[in-house]
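Engineer:
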């Protein structure tokens, strides 16, 4: 882990200080997020996506995950309109919702109305998950650039 971070730091320093472009070939989504501004995704020799990492995320990150903890126990029938319960425990839950149909603020207000919040964490799917979605779409469609 330490060696990997040192390599990332060296690549970033070379890119910034020496204005050196780096072509990184990696299956490690963490490397891609840490080091790259642009991404080219290749599947069986075909370019299936080519753009900025930020554009990739905007295009494909249509859901968010919420981890929530309450001061009191949740009722057994705990539900949040517009969100899917992935996991529920006595004092918390993990949910997923589609940002195209359910605004973040409405989920947060519904969570707050459900009880006394202790902690809320909202996160995007990993870049690895986004890439998996792209490959799945390419396989379904038979290939081609996006």
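Numbering (this note's numbering), first residue to last: 1229 to 1374. Cβ atoms here follow ideal geometry from the backbone N, Cα and C, with glycine treated the same way.
Can you say whether residue 1358 is buried or exposed, counting buried as having 16 or more other CB atoms within 10 angstroms of its CB?
Structural biologist: For the purposes of this step, residue 1358 is taken as the residue at position 130 of the chain shown. With 16 or more Cβ atoms within 10 Å of its Cβ, residue 1358 is classed as buried.
Engineer: In its own chain, which residues sit with a C-beta less than 7 angstroms from the C-beta of residue 1361, not counting the 5 before and 5 after it?
Structural biologist: On the chain shown, position 133 is the one that residue 1361 refers to. Taken in chain order, the residues that qualify are 1288.
Engineer: Kindly list the residues whose CB is nearer than 8 angstroms to the CB of residue 1280, restricted to its own chain and excluding five residues on each side of it in sequence; keep chain order.
Structural biologist: The sequence position of residue 1280 within the chain shown is 52, counting from 1. Contacts found: 1265, 1266, 1267.
Engineer: Among the candidates 1282, 1263, 1336, 1272, whose CA atom is the shortest distance from the CA of residue 1297?
Structural biologist: Mapped onto the chain shown, residue 1297 falls at position 69. When only C-alpha atoms are compared, the closest one is 1336.
Engineer: Taking the C-alpha atoms as reference points, what is the distance between residue 1286 and residue 1236?
Structural biologist: Counting from one through the chain shown, the residue named residue 1286 turns up at place 58. Counting from one through the chain shown, the residue named residue 1236 turns up at place 8. When rounded, the distance between both Cα atoms is 24 angstroms.
Engineer: For the alpha helix (DSSP H) containing residue 1299, name the first residue and the last one.
Structural biologist: Numbered from its first residue, the chain shown carries residue 1299 at position 71. Run containing residue 1299: none; DSSP gives neither H nor E here.
Engineer: Please return the same chain residues whose Cβ sits closer than 7 angstroms to the Cβ of residue 1269, not counting the five positions on each side in sequence.
Structural biologist: Stepping through the chain shown from its first residue, residue 1269 is reached at position 41. Excluding residues within five positions, the ones whose Cβ falls inside 7 angstroms are 1276, 1277, 1359, 1362.
Engineer: Compute the beta-carbon to beta-carbon distance between residue 1350 and residue 1332, rounded to the nearest angstrom, for a pair I have assumed lies under 8 angstroms.
Structural biologist: For the purposes of this step, residue 1350 is identified with residue 122 of the chain shown, where counting begins at 1. For the purposes of this step, residue 1332 is identified with residue 104 of the chain shown, where counting begins at 1. With 8 angstroms as the limit, residue 1350 and residue 1332 qualify as a contact, their Cβ atoms being about 7 angstroms apart.
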